[in-house]
Structures are given as structure tokens and as C-alpha cells.
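Numbering (this note's numbering), first residue to last: 165 to 407.
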């Protein structure tokens with residue numbers, strides 16, 4: 165027996181609901197032919213799987229503290245968060261479930277008030293660095309369609325840990341990629357990058373683990389926003405008239 169809890173059912177249900185609120189984030193993929201879809205309410209084992217390459221490598225002492233956090237509203241175990249950040253450095257791909265875990269930890273444990281989707285008003289340097297990395301990668305993809313690998317595959321780990329070393333180099337490549345873009349796409353991308361860099365006087369030499377989490381969320385939010393269909397001017401006008 166790991167632990168014993170005594171409470172009312174309503175208390176457990178309330179804590180469970182809060183857990184799903186804490187980890188709720190955009191980007192959940194719907195089912196497709198070869199994919200069952202991201203779960204709206206992820207079971208605990210799917211969260212644990214995000215901390216290790218294989219299920220047999222999951223820490224045997226992680227499930228208990230995670231279940232306790234879910235059922236009682238206690239803080240999430242630090243090893244859940246650090247395990248996901250460690251996997252990100254290796255895999256260099258932030259999935260819906262990894263983003264959900266990071267958001268939940270930052271909100272509940274560190275009171276960071278991370279929003280469900282992109283927050284353009286957020287001033288944290290680490291969050292902005294994540295958004296910038298996404299913008300640089302998207303510019304590369306737009307300029308060189310069909311790439312087998314992007315700057316994320318080569319630089320994610322170092323950019324999220326030591327941005328001061330990596331970003332000057334990435335920005336030089338960005339200028340080269342921008343030269344290949346045309347018309348409105350080029351103008352809009354330049355405006356976005358300028359907006360992200362506003363009030364950022366210098367790139368941090370090093371980001372602590374919690375800020376690497378903010379970097380990951382900034383990157384995830386911005387990439388999701390790139391691939392989210394925006395309403396047309398006509399649709400926005402109709403929505404305002406309906407209100």
C-alpha cells in the first residue's frame with residue numbers, strides 16, 4: 165500500500181476536475197486513420213509515459229506522488245516535470261501531453277498562471293525565447309519547404325538551456341531565410357519577430373529548469389498558433405454583429 169486517503173467523494177471529484185483544468189492546453193490532435201487521437205482527459209499512465217523512453221524506465225516511485233496530487237490537489241512531483249524536460253532535450257519534440265504536464269506543473273507548483281493558448285502579453289523572457297524559436301523554425305520551413313530536419317532537431321536542447329549562445333547564430337540564419345519569403349508573409353513574420361523581441365535587451369546566458377519549461381510552453385503555444393486557422397475579416401465582422 166502506497167498511501168491511504170480518507171475523504172468525501174465530492175472532494176476527490178473536485179480535485180480531479182482541478183487536475184484536468186491545470187493540464188488543459190491547446191493542440192489536442194483528433195483521431196485519424198493511424199492515430200487514436202490525444203485524450204481529452206489523459207489517464208495517469210499516459211502522463212507517466214512522457215517521462216521515459218520506454219514504460220519499463222518509468223521511475224517506480226513516481227506513480228504514487230502523482231496519484232496523490234491528482235486526488236488531493238497537492239503539488240505535482242518535481243520528478244514528473246524534470247523527467248519531461250529531460251525527454252524534450254533528447255527527443256526535441258514537444259507533444260500535447262508533454263505540454264500539458266509542463267503547464268500543470270508551472271501553474272500548480274510555481275503559480276505561473278500559464279494560459280491554455282498563446283499569450284502575446286506574457287513578458288517572461290524564457291516564454292518569449294520559446295516563441296522566438298518557433299518563429300525562426302517556421303520561417304525556415306516556409307523558406308525551405310520539404311526539409312527533413314529543422315533548427316529544432318539541431319538546436320532545441322541548447323536553445324532552451326543556453327539561449328545566449330545559440331540565438332545570435334539562429335538569427336543570422338533567419339535573415340537568410342527571410343530573404344526567400346515574399347509579400348505579406350515576409351512582412352507579417354518580421355512584425356511577429358519584432359513584437360516578440362520587444363523589451364528583450366539580451367538573451368539569457370542560461371535558463372534554469374523551470375524557465376526551460378516556460379521556453380517549451382512558449383514554443384508550443386506559438387507553433388500551435390501558426391497552424392490554427394485565423395478568422396477572415398468577414399467572419400470577424402459577422403461575429404461582432406452577432407454580439
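C-beta atoms are modelled at their ideal positions from N, C-alpha and C, and glycine is treated no differently.
Which of the three DSSP states is assigned to residue i in this structure?
{"i": "residue 379", "result": "helix"}
{"i": "residue 276", "result": "coil"}
{"i": "residue 412", "result": "The structure shown does not extend to residue 412, since the chain is modelled only from 165 through 407, so no value can be given for it."}
{"i": "residue 372", "result": "coil"}
{"i": "residue 362", "result": "coil"}
{"i": "residue 390", "result": "helix"}
{"i": "residue 268", "result": "helix"}
{"i": "residue 170", "result": "coil"}
{"i": "residue 246", "result": "helix"}
{"i": "residue 347", "result": "helix"}
{"i": "residue 310", "result": "coil"}
{"i": "residue 286", "result": "coil"}
{"i": "residue 256", "result": "coil"}
{"i": "residue 324", "result": "helix"}
{"i": "residue 319", "result": "helix"}
{"i": "residue 297", "result": "helix"}
Which residue from the options puts its Cα closest to that of residue i?
{"i": "residue 374", "options": "324, 280 and 342", "result": "324"}
{"i": "residue 344", "options": "266, 302 and 388", "result": "302"}
{"i": "residue 235", "options": "330, 337 and 171", "result": "171"}
{"i": "residue 340", "options": "218, 352, 169 and 304", "result": "304"}
{"i": "residue 179", "options": "206, 223, 238 and 190", "result": "238"}
{"i": "residue 272", "options": "285, 295 and 241", "result": "241"}
{"i": "residue 330", "options": "367, 221, 359 and 196", "result": "367"}
{"i": "residue 257", "options": "229, 199, 294 and 228", "result": "294"}
{"i": "residue 371", "options": "306, 322 and 361", "result": "322"}
{"i": "residue 327", "options": "260, 376, 173 and 229", "result": "376"}
{"i": "residue 183", "options": "198, 207, 243 and 200", "result": "207"}
{"i": "residue 346", "options": "335, 307 and 337", "result": "307"}
{"i": "residue 358", "options": "263, 378, 284 and 388", "result": "284"}
{"i": "residue 259", "options": "279, 277, 211 and 222", "result": "211"}
{"i": "residue 320", "options": "167, 393 and 253", "result": "253"}
{"i": "residue 269", "options": "181, 224 and 233", "result": "233"}
{"i": "residue 255", "options": "318, 223 and 220", "result": "318"}
Quick one: measure Cβ to Cβ for residue i and residue j, integer angstroms, because I've assumed they're closer than 8 Å.
{"i": "residue 381", "j": "residue 265", "result": "The pair is not a contact, with the Cβ atoms about 11 Å apart (cut-off 8 Å)."}
{"i": "residue 364", "j": "residue 289", "result": "6 Å"}
{"i": "residue 192", "j": "residue 204", "result": "7 Å"}
{"i": "residue 350", "j": "residue 299", "result": "That belief does not hold up - the Cβ atoms of residue 350 and residue 299 are roughly 13 Å apart, past 8 Å."}
{"i": "residue 281", "j": "residue 177", "result": "Actually they do not touch by this definition, with Cβ atoms about 26 Å apart."}
{"i": "residue 278", "j": "residue 267", "result": "5 Å"}
May I ask which residues mark the beginning and end of the alpha helix (DSSP H) holding residue i?
{"i": "residue 238", "result": "Note, residue 238: premise wrong, no alpha helix (DSSP H); not H, not E."}
{"i": "residue 327", "result": "327-342"}
(request) Would you list, in sequence order, the uninterrupted alpha helix (DSSP H) runs of no fewer than 4 residues that lie entirely inside the segment 175-232? (result) 208-213
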